[in-house]
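Engineer:
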Amino acid sequence: MRVLCLLMYVIALPFPAFAQERDSVAMSSDMGEITVYGRQRDEIVPSQRLGGERLEALRTHSVADALRYFSGVQIKDYGGVGGLKTVDVRSMGTNHMGVFYDGIQLGNAQNGLVDLGRFSMENIEEIALYNGQKAQIFQPARDFGTSGSVYIRTRRPQFEEGKNFNIRAVLRGGSFGMISPVIVWEQKWSRRVSSTVSADYTGADGKYSFRYRRVLPSGTVAWDTTAVRQNGDLRSFRIEGAVFGNTDDGTWNVKVYYYDSNRGIPGAVVNNVWRFAQRQWDRNLFVQGSWIKHVSRRYKFQLSGKYANDWMRYLNPDATTMLMDNRFRQNEAYFSMANNIELLPRWELNVSADYQFNSLNANLANFAYPRRHTLLLAFATQYQLGRFRAMASVLGTNVWDKTMVAQVNGRDALSRWTPAVYVSYNPIKDNTDLSLRFFYKKIFRLPTFNDLYYTEVGSINLKPENTQQLDVGLIYQHDWRRGVFRHLEFKADGYYNKVDNKIIAVPKGSGQYRWMMMNVGKVRILGVETTAQTVMRWRRDWSLVLCANYTYQSAQDRTDASDNDPYYGTYGGQIAYIPWHSGSATGNLRWRQLGLNYAFVYVGERYHSSSNIRENYEQPWYTHDLSVSYTLYGKRGVRAMKWFRSMMFTLECNNVFDQQYDVVPNYPMPGRNWKGVIRVEL
Amino acid sequence: MRRSWVCAVLCAGMLLAVSCRQDVIVWPSESEKAGEAVSGPIAGFYLLNEGNMGSNKCTLDFYDYASATYTRNVYGNANPDVVKELGDVGNDLQVYGSRLWAVINCSNKVEVMDAGTARRLGQIEIPNCRYLAFDGPYAYVTSYAGPVQIDDNYKQRGYVARIDTATLQVVDTCLVGYQPDGIAILDGYAYIANSGGYMVNNYERTVSVVDLATMSEVRRIPVAVNLHLAVADRFGQLWVSSRGDYYDAPASLYWIDRPGSLAAVNELRSPAGNHVAASAMALCGDSLYIVGSEFSYVTYETVMTFGIVNVRTHELVCQNFITDGTDSKIRKPYSVAVNPDNGQIMVADARDYVNPGRLYCFSPDGVRLWDVRTGDIPAHFAFVRRR
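Each protein sequence line maps, in turn, to chains A and B.
For the first sequence, the numbering used here begins at 748 and goes up steadily by one.
For the second sequence, the numbering used here begins at 5 and goes up steadily by one.
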């Protein structure tokens, strides 16, 4: 039975839990949405998930924007359509995040950053955030290897009775001169095999006006300036294809992804500098696949593999600064096997082994051409005893670096074991509404190729950056079949994280700006996260989904004990860009075919360096976004309406109150902006 | 109802925790007492904080000897109406006559202020401007941003701009080497230390000699890789520092005898025969004060220098002018200045570049008198005489 449950999870969950009737009204899709908030019974510690109606309401945003609605997440946003956005979970640092796309990690051995703008929300079914790791055991070893992970799951095709294709066409457009057509074609080839192909193009000039204003202490305006953000243009093209198959005893899928972009890099707006010329080109290709087979009732395995080829060109054509034309090429090959054995009816064991190869080439002087071999071995076990469930895993990491030049040695080989323990307990007998949870995880991130080998800056003696996480939390949730309240959920977590050997750029050498990477940083993070969510439904055709979360974080810099002045010292200061208070609230109201969505994001006051002085202070910022959508369902009998299944019109207004703010100083964010979307499904 | 109670508590909690945006006030200046009041012909000094690149946090501080007060961010106070403040990455600062000149590298401008009030008088647009020197009615500013040569390797000539100090206009330019930095003027010639800092592995090695009468480059003096600062002394010698190439060639210091004619280049070594690294230099009488730090890949430690060179005898006469042990607190010695009136030594500590730096004032015999917090990356000093 247990195997069947897991099988159901692995196979069924990727599909939306509802089937939409062609002539039905909006209610039918509403009914299904609740499953999104339902329990993932095979996860010992539940994740934060965004899917269904809430995700639908965020379709026009990027993946990074959607992540703002998770608690504990901080986004560093440089503004604009193609602007860099980095994600930091629980203040441990961007490089500690793993991003998994359909189950396989997206890598960037060069700098550890994954560009979340590369993925189309149109093609995504669910985004889930896990602190520590996904708390289930049947997974590749690499899934045990990050401090926090985001799983992006693309839409799997599913077909109505008697239909063997779906076509979805979407046109988006709006502020920033943005236009973006998307097309998705899903085809059912046989009872067991289906495929999906999606392609999109995004073009935007990226221009928006921004305003900086300063007042004198008396309140009179000192200066007030409005300008247009330049060089934020983006042209990108993405095409993605996947084939999914079922067999009697398992599933398989193969996926190909290609992304090509050309963008301007809007620089820091500083005194006397308003124009920029830097550009970046990216070409990313990957092929990945996985196969799960249930060999017997007690044994199953999963094979996965991936090849990725990433090319990047950075050009600074501005002759007033250093001209640069750098090209980088990365290769990654990855293969994994996970084996799951049921030892006893409630006791499972998993053994996973992964091998990964990374290389980086660049046209830089004195470049080291690093190659890295990683071998991962994970043992994990899961046991259920009454109302207790526990999972323990241990990950062995072996890394060898080599360089292609004689002058630079590769980093010394590394071999290390790191543990994780997850426990959950249901205190009420025969009731799973209330659940307590606990986890501890120790893991590290390897220095990136840039940290180790970047000409002049890198240092091959870097040690891995360690994190330790301790989390205690509870979750209460209840579903009702009748009444106004259909679902209520409340989550609270307290955590304490330690980051040691944090890799920081420190001054080096004689005079001038010379930096080098060193393992000097120490951070201690104490935090509380709370989430409340409810689904309401009344008078048959009204529904409302409300969600709010609040995060408190004290992230103290403990690097230099001698720098301990109570006012300006960095020791004990809140680290850069981490607010003490942050939160978000979303509401999705539906009445028949009409939907109204509201989203609020708040990021409290913070400092842009650990010296928490007035000069480094950053104001809080908060935005209100509103959108209205109307869905028209096709009708068989009506001639004009029989060619489509549904048609949806959305109008969106973001930053309704036109707040002028910076997330990163001197990188102004857009004020009020508009977007319109038309989505047709055939 | 229990659920609405939970909701209400949560909402109330959020509202209590949050605060709202307010108008942003122009950075006011801040003053604090530092040391004892000193009278003399020097009224005080300005300190230009570079600010990390892209942060737009270049600020100007002032120390007033008469009241013994250190004031941070005097520019913001004197010029609250300047959009986006002083700018991004200050690179040089000098007083000439009654005016204060600041070279703001990444804001591509030279800012001219009144030396008494720091009130802005005007600006001169010079892309990627670096260092400054004066001669008669002209100011000379080095810039990296000359014409680019189409070549397999990156090559961009630098130039020296001649600025009329009366009109604040660039009146002439002269091409020099690649990425020119420090500039010193001796007997009608400008000597420019070319770095080639954008050409890793192909650093420049020369000092350009520019005849100011014709505004043309007349000669190159080969010295060492990646030159940085240039200082002229009263014996007609030119002191030039090299940053080294960060691999094999260490940072080092040279003097050029009679650079106008003979141009004999000599390296200054410590009594033990070691190279001398100079991140900053300040000449006072016959003493050239140098501070420096050099990272060694052998020991993985940074070695700091606080030295005094006798420019007459060409000897490193003192290897650590800090005598009370304060040097152990200094993390990144970045600049040095000496009060020509009372011989007090200022040492600026840039610490970690992204947090406030620190200024230490030492008596002439190397005992700490006072220290104070500065802006980010305190780097360039200019003394102001009493009027």
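Positions of the beta carbon are idealized from the N, C-alpha and C atoms, including for glycine.
For chain B, is any of its Cβ atoms less than 8 Å away from the one on Tyr1345/A?
Structural biologist: To locate residue 1345/A, count along the first sequence from 1; it is residue 598. It does not; no Cβ of chain B falls within 8 Å.
Engineer: Tell me, which residues are paired with Cys62/B by DSSP?
Structural biologist: Here residue 62/B is taken as the residue at index 58 of the second sequence, counted from 1. None; Cys62/B has no bridge partner.
Engineer: Measuring CB atoms only, is the segment 1123–1142 of chain A touching the segment 1084–1098 of chain A, in the sense that at least three cross pairs come out at less than 8 Å?
Structural biologist: The answer is yes - the segment 1084–1098 of chain A touches the segment 1123–1142 of chain A, with three or more Cβ pairs under 8 Å.
Engineer: If you measure from the beta carbon of Asn112/B to each beta carbon in chain A, is any gap under 8 Å?
Structural biologist: As a position in the second sequence, residue 112/B is number 108, starting the count at 1. Closer than 8 Å: yes.
Engineer: Which partner residues does Cys1294/A have in the DSSP bridge list?
Structural biologist: As a working note, residue 1294/A is residue 547 in the first sequence. For Cys1294/A, which the question treats as bridged, DSSP gives the partners Gln1280/A and Thr1333/A.
Engineer: Which whole-angstrom value describes the C-beta separation of Pro382/B and Asn53/B, a residue pair presumed to lie in contact below a C-beta threshold of 8 Å?
Structural biologist: Locating residue 382/B in the second sequence gives position 378, where the first residue counts as 1. Locating residue 53/B in the second sequence gives position 49, where the first residue counts as 1. So it is a contact: roughly 5 Å between Cβ atoms.
Engineer: Does the Cβ-Cβ distance between Val1001/A and Val1017/A come in under 8 Å?
Structural biologist: Sequence index remark: in the first sequence, residue 1001/A carries index 254 (1-based). Sequence index remark: in the first sequence, residue 1017/A carries index 270 (1-based). Not in contact: Val1001/A and Val1017/A (Cβ atoms no closer than 8 Å).
Engineer: Whole beta strand (DSSP E) runs in the segment 1073–1158 of chain A with 3 or more residues, listed along the chain?
Structural biologist: Within the segment 1073–1158 of chain A, the complete beta strand (DSSP E) runs of at least 3 residues are 1094–1109, 1117–1132 and 1135–1150.
Engineer: In the structure shown, what three-state DSSP assignment does Asp1065/A receive?
Structural biologist: As a working note, residue 1065/A is residue 318 in the first sequence. If DSSP states are grouped into helix, strand and coil, Asp1065/A belongs with coil.
Engineer: Beta-carbon separation of Ala70/B and Ala137/B under 8 Å?
Structural biologist: Taking the first residue of the second sequence as position 1, residue 70/B is located at position 66. Taking the first residue of the second sequence as position 1, residue 137/B is located at position 133. The answer is no: Cβ separation not under 8 Å.
Engineer: Taking C-beta to C-beta, are Tyr163/B and Cys178/B nearer than 8 Å?
Structural biologist: Mapped onto the second sequence, residue 163/B falls at position 159. Mapped onto the second sequence, residue 178/B falls at position 174. A contact, by the Cβ cut-off of 8 Å.
Engineer: Given Val388/B, which residues of its chain have a CB within under 6 Å of its CB, disregarding the five upstream and five downstream residues?
Structural biologist: In the second sequence, counting from the first residue as 1, residue 388/B sits at position 384. So the list reads Ala47, Gly48, Val99 and Ala119, once near-sequence residues are dropped.
Engineer: Output needed for Gly992/A: all residues of its chain with C-beta closer than 6 Å, excluding positions within five of it in sequence on either side, in chain order.
Structural biologist: Indexing the first sequence from 1 puts residue 992/A at position 245. Same-chain partners within the cutoff: Arg939, Val940 and Trp999.
Engineer: Among the residues of its own chain, which have a CB less than 7 Å from the CB of Arg1392/A, if the five just before and after it don't count?
Structural biologist: Start at 1 with the first residue of the first sequence, and residue 1392/A comes out as number 645. Result list for Arg1392/A: Arg769, Gly1381, Glu1428 and Leu1429, in chain order.
Engineer: What beta strand (DSSP E) runs, 3 residues minimum, are completely inside the segment 64–104 of chain B?
Structural biologist: Fully enclosed beta strand (DSSP E) runs of 3 or longer: 73–76 and 94–100.
Engineer: May I have a chain-ordered list of the beta strand (DSSP E) segments no shorter than 3 residues that lie completely inside the segment 791–816 of chain A?
Structural biologist: Those beta strand (DSSP E) runs which fall completely within the segment 791–816 of chain A and span 3+ residues are 795–798.
Engineer: Thinking C-alpha only, which one of Val321/B, Gly370/B and Val340/B is nearest Tyr50/B?
Structural biologist: Residue numbering aside, residue 50/B sits at position 46 when the second sequence is read from its first letter. When only C-alpha atoms are compared, the closest one is Val340/B.
Engineer: Out of Gly264/B, Val174/B, Glu305/B and Ser245/B, state which residue places its alpha-carbon closest to the alpha-carbon of Val114/B.
Structural biologist: Counted from its first residue, the second sequence places residue 114/B at position 110. Taking only the C-alpha atoms, the option nearest Val114/B is Val174/B.
Engineer: Taking Cβ positions, are Met1283/A and Arg1353/A nearer each other than 8 Å?
Structural biologist: Residue mapping note: residue 1283/A aligns to position 536 of the first sequence, counting from 1. Residue mapping note: residue 1353/A aligns to position 606 of the first sequence, counting from 1. Going by C-beta atoms, Met1283/A is not nearer than 8 Å to Arg1353/A.
Engineer: What residues of chain B sit near Asn1413/A, judged by a beta carbon separation below 8 Å?
Structural biologist: For this step, residue 1413/A is matched to residue 666 along the first sequence. Chain B residues near Asn1413/A: Gly58, Ser59 and Asn60.
Engineer: Counting only beta-carbon separations shorter than 8 Å, does Asp375/B have a partner in chain A?
Structural biologist: As a working mapping, residue 375/B is identified with position 371 in the second sequence. No, Asp375/B does not count as interfacial toward chain A.
Engineer: In terms of residues, what are the limits of the beta strand (DSSP E) holding Phe1033/A?
Structural biologist: Translated into the one-based positions of the first sequence, residue 1033/A becomes position 286. Note, Phe1033/A: beta strand (DSSP E), Arg1026 to His1041.
Engineer: Residues of the segment 78–97 of chain B in Cβ contact with chain A at a cutoff of 8 Å, in chain order, please.
Structural biologist: If the cut-off is 8 Å between Cβ atoms, the segment 78–97 of chain B has Pro84, Asp85, Val86, Val87, Lys88, Glu89, Leu90, Gly91 and Asp92 near chain A.
Engineer: Could you spell out where the alpha helix (DSSP H) holding Leu1199/A opens and where it closes?
Structural biologist: One-based indexing of the first sequence puts residue 1199/A at position 452. Residues Phe1196 to Tyr1200.
Engineer: Grouping DSSP H, G and I as helix and E and B as strand, with all else coil, what is Ala38/B?
Structural biologist: As a working mapping, residue 38/B is identified with position 34 in the second sequence. Correct three-state label for Ala38/B: coil.
Engineer: Check whether the Cβ atoms of Thr943/A and Leu981/A lie closer than 8 Å to each other.
Structural biologist: In the first sequence, residue 943/A corresponds to position 196, counting from 1. In the first sequence, residue 981/A corresponds to position 234, counting from 1. Against a cut-off of 8 Å, the Cβ pair of Leu981/A and Thr943/A comes out as no contact.
Engineer: Using 8 Å as the threshold, is the C-beta distance between Ala149/B and Ala813/A below it?
Structural biologist: In the second sequence, residue 149/B corresponds to position 145, counting from 1. In the first sequence, residue 813/A corresponds to position 66, counting from 1. No, the pair does not count as a contact, with Cβ atoms beyond the cut-off.
Engineer: Among Glu803/A, Phe912/A and Ser838/A, which residue has its Cα nearest to the Cα of Ile874/A?
Structural biologist: The count along the first sequence starts at 1 and reaches residue 874/A at position 127. It is Glu803/A.
Engineer: The beta strand (DSSP E) that contains Asn343/B, what's its start and end?
Structural biologist: Along the second sequence, read from residue 1 onward, the residue named residue 343/B stands at position 339. Neither: Asn343/B is in no beta strand (DSSP E) and is coded neither H nor E.
Engineer: For a cutoff of 8 Å on Cβ pairs, would you count Trp31/B as touching chain A?
Structural biologist: Sequence index remark: in the second sequence, residue 31/B carries index 27 (1-based). At least one chain A Cβ lies under 8 Å of Trp31/B.
Engineer: Under a Cβ-count criterion, where at least 16 other Cβ atoms within 10 Å of its own Cβ denotes burial, should Trp1368/A be classed as buried or exposed?
Structural biologist: Stepping through the first sequence from its first residue, residue 1368/A is reached at position 621. When all chains shown are included, Trp1368/A counts as buried.
Engineer: Express the C-alpha separation of Gly370/B and Gly830/A in angstroms, rounding to a whole number.
Structural biologist: In the first sequence, the residue the question calls residue 830/A occupies position 83. In the second sequence, the residue the question calls residue 370/B occupies position 366. Answer to the nearest angstrom: the Cα atoms are 50 Å apart.
Engineer: Using DSSP with H/G/I as helix, E/B as strand and the rest coil, what is Thr841/A?
Structural biologist: The residue you call residue 841/A lines up with position 94 of the first sequence. Correct three-state label for Thr841/A: helix.
Engineer: Taking the beta carbon of Leu876/A as the centre, do at least 16 other beta carbons fall within 10 Å, making it buried, or is it exposed?
Structural biologist: Mapped onto the first sequence, residue 876/A falls at position 129. Buried, by the Cβ-count rule.
Engineer: Nearest chain A C-beta to Pro360/B closer than 8 Å, yes or no?
Structural biologist: The residue given as residue 360/B occupies position 356 in the second sequence. Pro360/B counts as touching chain A.
Engineer: Go through the segment 946–1007 of chain A residue by residue and report every complete run of the beta strand (DSSP E) that reaches 3 residues or more, in order.
Structural biologist: Here the runs fully enclosed are 956–962, 968–975 and 981–994.
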